[in-house]
Amino acid sequence: MRAYILITAKPGTSEEVVRAIKKARSLKGVKMADSVYGRFDAVAVVEAESLEELSKLTYKIIERIPNVTHTETLITLTP
Numbered sequence: 002m003r004a005y006i007l008i009t010a011k012p013g014t015s016e017e018v019v020r021a022i023k024k025a026r027s028l029k030g031v032k033m034a035d036s037v038y039g040r041f042d043a044v045a046v047v048e049a050e051s052l053e054e055l056s057k058l059t060y061k062i063i064e065r066i067p068n069v070t071h072t073e074t075l076i077t078l079t080p
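For any residue, its number in my numbering is found by taking its place in the sequence shown, counting from 1, and adding 1.
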């Protein structure tokens with residue numbers, strides 16, 4: 002399954018958060034991360050084999066990155 006993880010970061014830290022996510026790309030599943038304009042500060046595109054794997058990526062890796070304050074995960078309808 003593919004998901005978009007929308008990330009809110011502390012002000013002025015979105016590029017730092019994206020760098021940290023890109024360093025985590027060696028972890029299976031993280032395909033891309035970019036800073037964005039708008040309601041969220043960054044977005045990560047991830048692929049996971051299961052909801053359990055997606056939860057691990059979101060809660061145990063991305064949400065533990067310093068300066069990440071909130072995430073919202075959008076799971077795609079098509080594989």
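Cβ coordinates follow ideal geometry from the N, Cα and C atoms, glycine included. It should be emphasised that the depicted structure is a prediction, and the values quoted were computed from it without experimental measurement.
Listed in chain order, the beta strand (DSSP E) elements of length 3 or more contained wholly in the stretch 3 to 50 are 3 to 10, 31 to 36, 43 to 48.
The DSSP-derived three-state label of T59 is helix. Contact between L78 and A4 is absent: CB atoms are separated by about 11 Å, not below the 8 Å threshold. A Cβ-Cβ contact shorter than 8 Å links S36 with E16. DSSP, reduced to helix, strand and coil, places L75 within a strand of the structure shown. Around the beta carbon of L58, 16 or more other beta carbons lie within 10 angstroms, which makes this residue buried.
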